[in-house]
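Report on the following structure.
Protein chains: 2
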Amino acid sequence: MASQAITKLRDHLSTVNDIQGALGLMGWDERTFMPTGGAEVRAERRATLGRMAHEMFVSSETETLLADAERESIGFDPDSDELALVKHTRRTLDRQTAITSELASEAIRASSLGYQTWISARANSDFQAFLPALNRIVDVNRRFVEAYRTVQPDAQEDYDLLLEDFEPGLTAEEITSVFDVIRDRAIPLVAMVRERAVDVDDGLVHGDFPIDRQRDLAMTVIKQCGFDDKHWRLDETHHPFASSIATTDIRITTRYIDNFFNSAFFGSLHEFGHGLYERQVSPSLERTPLARGASMAWHESQSRMWENLVGRSRSFWEWAIGPARDAFPDAFGNASPDDVYRAVNRLHPSLIRVEADELTYNLHIILRFEMEREILAGKIELDKLPQAWNQKMEEYLGVDVTDDADGVLQDVHWSSGLFGYFPTYALGNVLSLQLWQRINDEIPSLEESFAQGEFGELRTWLGENVHAHGSKYLPKDLMERVLGTRELNPGPLTNYLEAKVTDLYGA
Amino acid sequence: MASQAITKLRDHLSTVNDIQGALGLMGWDERTFMPTGGAEVRAERRATLGRMAHEMFVSSETETLLADAERESIGFDPDSDELALVKHTRRTLDRQTAITSELASEAIRASSLGYQTWISARANSDFQAFLPALNRIVDVNRRFVEAYRTVQPDAQEDYDLLLEDFEPGLTAEEITSVFDVIRDRAIPLVAMVRERAVDVDDGLVHGDFPIDRQRDLAMTVIKQCGFDDKHWRLDETHHPFASSIATTDIRITTRYIDNFFNSAFFGSLHEFGHGLYERQVSPSLERTPLARGASMAWHESQSRMWENLVGRSRSFWEWAIGPARDAFPDAFGNASPDDVYRAVNRLHPSLIRVEADELTYNLHIILRFEMEREILAGKIELDKLPQAWNQKMEEYLGVDVTDDADGVLQDVHWSSGLFGYFPTYALGNVLSLQLWQRINDEIPSLEESFAQGEFGELRTWLGENVHAHGSKYLPKDLMERVLGTRELNPGPLTNYLEAKVTDLYGA
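From first to last, the protein sequence lines stand for chains F and H.
Counting along the first sequence from 1, when you hit position 59 you're at 41 in our numbering, and nothing is skipped either side.
Counting along the second sequence from 1, when you hit position 404 you're at 386 in our numbering, and nothing is skipped either side.
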C-alpha cells in the first residue's frame, strides 16, 4: 500500500473530526432547540469534548503519524487529497502546538469574562466598564502573536499573525491597499446618496409579514436554489448561522421580523450560500479537516453572492416576484419586479453594521479593521477607542454616534477575543465580485436564467470550481486556480456599487 | 480531603458521561430533526464516540481510580452518593470487563445484520428469512451468558445473566411466579370481555383530530403535570421516546395519528412519566452514571403510572374534559367525563402489543418472556417459534395470527439482540400498582385532586421517594425503601384490572 501512513493519519484525524462533529451538533442545538435550563451541563460537556479533541490533535501520536505521512507523500501530486491533508495538518499542528495549554485556557477565561462584561457594558452603553476586559483580551492576543511568531518568524507585522487563523497567507498591508480603494470610492458615493433630495421608496418591505408565510417563501426560494430536505434544514434562531453537521447534513437558520421583509428573506439566502459551500465539498474529504471552506473570505464570498449578487439583482426579481406575490398579495400584489428590486436595494447610512446596505457595509468593516490594526501596532490607546470610532463614523458615513452601545460596543467579536476576523467580511464582498465577473464571462446567459428561476448553472459552476476543493488549497492558491490571479482586486466591487448607486439614485 | 480518591473517580466518570451525553443528543437528533442524508456520517461519528466512551470506561485508569476509591469508601454511609457511585461503578466495570472487545463487536455486527434482515423479513412476513440472523443473535447472547457467568457464578439460570443488564437482582423464576398469577387471572377476564355481547363504545376517540390541536392539547395537559419550557421539549417522531440530555434538559416525543385520539395523547403522558423521572434525579448526581432511573421496570412504572393510573382514570377526565372540549369541540363537546373515560379504556384483544389495552398488554409480554426463557434454556427450536407464538396468542388472547409479520416478527427487540428486556414492560405495570397503593395511602385525596387538575402532590411524592435517588440503589433496595418489601407483587395490578373490567363490562 503506497499510502499506508497517510491512511493511518487520516483515520486518526477522522476520530478528532468526529468529536468536532459532535461539538458542532451541540452548538447547533444550543442555538436552536435546547431548553435554556440545559445550558450549564451543556457547557461542561462541550468543555470536555473540546479538551479531548484538542488533546488528541496536539498529541505525540499525531506528530508521529504526520511525520510518517510526510515521508510517504514526497513526490505526490500537488492536487491530491493526500498531499493536501498532510500539508494542512502540518500547518495546523505547528500553530496549535505553539500555543501552551496555559495560554489556551487563559484565552477561554478572558473571552468568557469579556463576553459577560460586554453584555452589561453594552446594555449600559458604558465603554469604561468594558475596558479592563478588553485590555485583558488584547493582552491575550499579544501572547498569541508571540507564540505564532515562533512558527512564522518572517511575518511583516503582528496583525498578520492573527489574521493567519482566518485568512491564511494574507497580510494587513495587502488588505489596506484593497480597503483604501474601496473607502476612497465609497465615501463620496455615500455622501452623494445622503445629499440627494429624492430617496428610494422602500415602503414595500415594511408592513405586515406573518412569520409562517415568510418561512414558506424563504423555503420556496432556497429550494429553487438547491436546498433539499434530504440534506438540509432551515430553523429559526436569534443570531442566524449556517452549520455543517456533515457535508450531507446542512443546517441553516434565520431570524424573522414580523414587520420587515428583508431580514429573514436575505438572511436565508445568505446562510444558504454558506451551506451550499459545505454541501458541495467533495465526499472524498468527509470527516477530514479539509471538509470546510478555504477561508473566511472565501466563505463570505459565497454567502454574499447568493444574498446580494443573486437575491438583490433585477433579474432574480423577475422570477421571485411570483412566489413573493403568492406569499404576500397585500404587499407585493401590485408591485413590479423593479419596485421590489429598488426597495430591497435602498442605500441608507446607519449606525449598525449587521443592518447596513451593500454600499455602507464595507465602510463599517474598514473602520474597524483600521482600528484593530492600530491597536495591535500600539498606535492607539484602548480608552481612546470610542472617540476614534465616532470620528470615523462621521467621516466615512456621515453618521453621528451618540451612544457607545450602538457605536464601538455594537459587535460581539472583540469581547469574544476575536482580532483579525473582521476584515474577512469585506474581503468576501471583494472576492464575490471577482468571481462574479469570471462566472458571467463563462456563462453569459447566467443572469437571464435567474429571471426563469434557474440557478442550477451557478450552483454547478461553484461546486466544480470552488466548493468541491474544500480547504485543500490555501486561499491564494484557490484564487489562482479559479481566477488566474493571487491578488484581491477591489475594482469589480467598486464598479458594481457605483453602477448600483447610479441605477438607483441617478448619475 | 476525605473523599479525594472518590472525587478523582467521579471526575473521570464525568468525562465518560459527557461523551455519552453527546451520544444521547446525537440519538435524539437522529430520530427528530436530522435530514435523512446525514445518517451515514452520523453512524461513523456515533461509532467513534461510543468506542471512546467504552475504552475510557474499561481502561486501567478506571480500575486504578476505582480501587483507590473503594479503599477510601470503607465505612461510608450506605446512603451516601459516594458509596453508591463506587458500588455502581464496580458492578458495571466488572460486567463490561468480562466482555471481550471481539464479542462486543460481534454483537454490534449481529444486531446490525439482524435489524436489516428483520426489516425485510417482516415486510415479507417471512420468518425463515429471519432465522439465520436470529440464530446468530441467540449465539451472541449465549456468549454473553458465558462471559457474565464469570462475574456472577451463582446465577440460577442463563436467562438471569441477561436480565441483569435491565433488571439487576431479579431472576426469571421470580418473574415467572409474578407472571403466572397475572396470566391466570387475565385469561378468563379477556375471554369474558370477548364473549360479552355488549362492547364499550369508543367512537369518541376515532374521528377528525387535526394534529396541531392534538399537540396543543398534549402540551396543555403535560404542562399541568409538570412540563416546563425551561427544561423540556416535546417533538414529533415515528417511534416515541424520552431522552434526558441532562436532568435539566428533557426531551420527549410523540406520534400523531390524525384520526385517532389516543396515540399522541397517552403517548405524551407515557413519555412525560419517563422524562419526569430523569428530570427529578438529584442535581448532585448530574454527570455521573447514577443520574438515571434505577432499572427498566422502575422506569416503566413511572411512564405507565402517568399514562394509565393518571391519564386513564375517571377523576383525571373530570378535569381533562375541559381542555379536551376546547381542543376538539366536535368530538368532545357533548361528551361527559365518563364517556371519555369509557372510550379510552375500551378493552379489545388484538395482534399488536404496542396498540394493546391495559389488560391484554401484559399477556403480550408474558408470552414473549416465556418463549425467551425457553429459547435460552434450549427447550424450543428457533424454527418452531411461529407455531409456538400463534398457539399462545390463541390460548391467551383468543386471537388468530394469520401472518408472522403481525405475530412473532412484530417487535424489533430480538432483531437488535435484546434478550431479557421484554419482561420489564409488564413488571413496570406491576410496580406501578404497588406504588399506587402506597401513594394513595399516604395521600388519600390524591385522585380527587386530579379532578381539579392538580398533580403537584404526586409529582413531589415521586420526586422525593423515587426519582431523586436516580440509580443509587439497586431495584430491590429501592423497593424496600419505598414500599417496605423486596417482592414484586402482582396482586394490586390484577385487582385493579379486575375492577376496571367490572366497571366497564359489568360483573
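Cβ atoms here follow ideal geometry from the backbone N, Cα and C, with glycine treated the same way.
- Give the DSSP bridge partners of F/Ile232, in chain order. Translated into the one-based positions of the first sequence, residue 232 of chain F becomes position 250. Bridge partners of F/Ile232: F/Trp214, F/Ser226.
- Query: Which class does H/Ile56 belong to by DSSP, given the choice of helix, strand or coil?
  - Reply: In the second sequence, residue 56 of chain H corresponds to position 74, counting from 1. Reduced to three states, the DSSP call for H/Ile56 is coil.
- Query: From H/Ala86, H/Glu45, H/Arg197, H/Pro114, pick the residue whose C-alpha is nearest to that of H/Thr99; which is it?
  - Reply: Looking up residue 99 of chain H in the second sequence gives position 117. It is H/Pro114 whose Cα lies nearest to the Cα of H/Thr99.
- Task: Give a yes or no on whether the minimum CB-CB distance between F/Pro222 and chain H is below 9 Å.
- Result: Within the first sequence, the letter at position 240 stands for residue 222 of chain F. No, F/Pro222 does not count as interfacial toward chain H.
- Query: What span of residues does the alpha helix (DSSP H) with F/Lys458 cover, start to end?
  - Reply: Translated into the one-based positions of the first sequence, residue 458 of chain F becomes position 476. Taken as a continuous stretch (DSSP letters only), the alpha helix (DSSP H) holding F/Lys458 covers 457 to 465.
- Query: Does the stretch 395 to 404 of chain F come close enough to the stretch 107 to 125 of chain F to have 3 or more Cβ pairs within less than 8 Å?
  - Reply: Result yes; three or more Cβ-Cβ pairs closer than 8 Å.
- Of the choices F/Ser102, F/Glu52, F/Val160, whose alpha-carbon is the least far from that of F/Asp386? Numbered from its first residue, the first sequence carries residue 386 of chain F at position 404. For F/Asp386, the closest alpha carbon among the candidates F/Ser102, F/Glu52, F/Val160 is that of F/Ser102.
- Message: Classify F/Lys212: buried if its beta carbon has 16 or more other beta carbons within 10 angstroms, exposed otherwise.
- Response: Taking the first residue of the first sequence as 1, we reach residue 212 of chain F at position 230. So F/Lys212 counts as exposed.
- Message: Between F/Met(-17) and chain H, is the shortest Cβ-Cβ distance under 9 Å, so that the two count as touching?
- Response: Here the question's residue -17 of chain F lines up with position 1 in the first sequence. In this prediction, F/Met(-17) has a pLDDT of 46, which is less than 50 and means its spatial position is unreliable; nothing more can be read from the coordinates.
- Message: Our contact map puts F/Glu64 next to F/Ser(-4) with C-beta atoms below 8 Å; I'd like the distance itself, whole angstroms only.
- Response: As a first step, residue 64 of chain F must be located in the first sequence, where it is residue number 82. As a first step, residue -4 of chain F must be located in the first sequence, where it is residue number 14. That belief does not hold up - the Cβ atoms of F/Glu64 and F/Ser(-4) are roughly 14 Å apart, past 8 Å.
- Task: Please compile the residues from chain H whose C-beta is within a distance smaller than 7 Å of the C-beta of F/Asp211.
- Result: Sequence index remark: in the first sequence, residue 211 of chain F carries index 229 (1-based). Going along chain H in sequence order, the residues near F/Asp211 (Cβ under 7 Å) are Pro17.
- Identity of the residue in H/Ala154, H/Lys205, H/Arg286 nearest H/Tyr343 by Cα: Here residue 343 of chain H corresponds to residue number 361 of the second sequence, with the count starting at 1. It is H/Arg286 whose Cα lies nearest to the Cα of H/Tyr343.
- Task: With a cut-off of 8 Å on the beta carbons, I'd call H/Asn422 and H/Leu475 a contact; round off their distance for me.
- Result: Position 440 of the second sequence holds residue 422 of chain H. Position 493 of the second sequence holds residue 475 of chain H. In fact, because the Cβ distance is near 14 Å, the residues do not count as touching under 8 Å.
- Query: Nearest to H/Ile(-12) by alpha carbon, out of H/Leu31, H/Val23, H/Thr71?
  - Reply: Taking the second sequence and counting its residues from 1, the one referred to as residue -12 of chain H is at position 6. For the set H/Leu31, H/Val23, H/Thr71, the Cα lying nearest the Cα of H/Ile(-12) is the one of H/Thr71.
- Message: Give me the subset of the stretch 260 to 275 of chain F whose CB atoms are less than 8 Å from a CB atom of chain H, sorted by chain position.
- Response: Result list: Glu268, Arg269.
- Item | Pairwise C-alpha distance: H/Val172 and H/Arg328 | Here the question's residue 328 of chain H lines up with position 346 in the second sequence. Here the question's residue 172 of chain H lines up with position 190 in the second sequence. The straight-line gap from Cα to Cα measures roughly 12 Å.
- chain H partners of F/Leu7, CB-CB under 7 Å? Here residue 7 of chain F corresponds to residue number 25 of the first sequence, with the count starting at 1. Correct list: Leu7, Met8, Asp11.
- Can you tell me which of the three DSSP states F/Thr74 falls into? Counting from one through the first sequence, the residue named residue 74 of chain F turns up at place 92. DSSP places F/Thr74 in helix when its eight states are reduced to three.
- What number of angstroms, rounded off, separates the C-alpha of H/His451 from the C-alpha of H/Ser264? As a position in the second sequence, residue 451 of chain H is number 469, starting the count at 1. As a position in the second sequence, residue 264 of chain H is number 282, starting the count at 1. Distance between the alpha carbons of H/His451 and H/Ser264: 6 Å.
- Query: Is the beta carbon of F/Val381 sitting closer than 9 Å to the one on F/Pro331?
  - Reply: One-based indexing of the first sequence puts residue 381 of chain F at position 399. One-based indexing of the first sequence puts residue 331 of chain F at position 349. Yes. Within cutoff.
- Message: Does the CB of H/Gly3 have a neighbour CB from chain F at under 9 Å?
- Response: Numbered from 1 along the second sequence, position 21 holds the residue referred to as residue 3 of chain H. Chain F, which has a Cβ nearer than 9 Å to the Cβ of H/Gly3, makes this yes.
- Message: Can you give me the C-alpha to C-alpha distance between H/Ser518 and H/Ile164, rounded to a whole angstrom?
- Response: Absent from the model: residue 518 of chain H. The displayed extent of chain H is -17 to 489, so no value can be given.
- Item | H/His449, buried or exposed, once every other Cβ within 10 Å from all chains shown has been counted against 16 | The residue given as residue 449 of chain H occupies position 467 in the second sequence. Flag for H/His449 reads buried.
- Message: Assuming H/Leu391 and H/Arg104 are in contact, meaning their beta carbons sit under 8 Å apart, how far apart are those beta carbons, in whole angstroms?
- Response: The sequence position of residue 391 of chain H within the second sequence is 409, counting from 1. The sequence position of residue 104 of chain H within the second sequence is 122, counting from 1. Taking 8 Å as the upper bound for CB-CB distance, H/Leu391 and H/Arg104 are in contact here, some 5 Å apart.
- Message: Does F/Asn(-1) pass the burial test, meaning 16 or more other C-beta atoms within 10 Å, or should it be called exposed?
- Response: Sequence index remark: in the first sequence, residue -1 of chain F carries index 17 (1-based). F/Asn(-1) is buried by the Cβ-count criterion.
- Just curious, the alpha helix (DSSP H) that F/Ser297 is in, first and last residue? One-based indexing of the first sequence puts residue 297 of chain F at position 315. Run containing F/Ser297: 296 to 309, per the alpha helix (DSSP H) assignment.
- How long is the line joining the alpha carbons of H/Leu(-9) and H/Thr44, rounded to whole angstroms? To locate residue -9 of chain H, count along the second sequence from 1; it is residue 9. To locate residue 44 of chain H, count along the second sequence from 1; it is residue 62. Between H/Leu(-9) and H/Thr44, the C-alpha separation is close to 7 Å.
- Query: Can H/Phe15 and H/Asp217 be called in contact, C-beta distance under 9 Å?
  - Reply: As a first step, residue 15 of chain H must be located in the second sequence, where it is residue number 33. As a first step, residue 217 of chain H must be located in the second sequence, where it is residue number 235. In contact: H/Phe15 and H/Asp217 (Cβ atoms closer than 9 Å).
- Can you pull the chain H residues whose beta carbon is under 7 Å from the beta carbon of F/Arg27, in chain order? Counting from 1 along the first sequence, the entry for residue 27 of chain F is found at position 45. Think of a sphere of 7 Å around the beta carbon of F/Arg27: the chain H residues whose beta carbon falls inside it are Asp0, Gly3, Ala4, in chain order.
- Straight-line Cα distance separating F/Gly304 from F/Met311: Here residue 311 of chain F refers to the residue found at position 329 when the first sequence is read from its first residue. Here residue 304 of chain F refers to the residue found at position 322 when the first sequence is read from its first residue. Correcting the residue identity first, residue 311 of chain F is Pro in this sequence and not Met. Each residue's alpha carbon lies about 10 Å from the other.
- Query: Does the beta carbon of H/Val292 come closer than 9 Å to any beta carbon on chain F?
  - Reply: Here residue 292 of chain H refers to the residue found at position 310 of the second sequence. So no, H/Val292 is outside the interface.
- Give the range of the alpha helix (DSSP H) segment to which F/Glu356 is assigned. Within the first sequence, numbered from 1, the residue matching residue 356 of chain F stands at position 374. Unbroken alpha helix (DSSP H) run through F/Glu356: 340 to 358.
- Message: I need the straight-line Cα distance from H/His221 to F/Phe243, nearest angstrom please.
- Response: Position 239 of the second sequence, counted from the first residue, corresponds to residue 221 of chain H. Position 261 of the first sequence, counted from the first residue, corresponds to residue 243 of chain F. One alpha carbon belongs to H/His221, the other to F/Phe243, and they sit about 38 Å apart.
- F/Met(-17) by DSSP, collapsed to three states: which one? Indexing the first sequence from 1 puts residue -17 of chain F at position 1. Residue confidence for F/Met(-17) is low, a pLDDT of 46 falling below 50, so the modelled location carries little weight; the figure read from the coordinates is stated next. Residue state, collapsed to three classes: coil.
- Query: Who are F/Phe242's beta bridge partners in DSSP?
  - Reply: If you number the first sequence from 1, residue 242 of chain F lands on position 260. F/His188, F/Ile239.
- Item | Residue environment, H/Lys366, which counts as buried when at least 16 other CB atoms sit within 10 Å | On the second sequence, residue 366 of chain H is found 384 positions in, with the first residue counted as 1. H/Lys366 should be labelled exposed.
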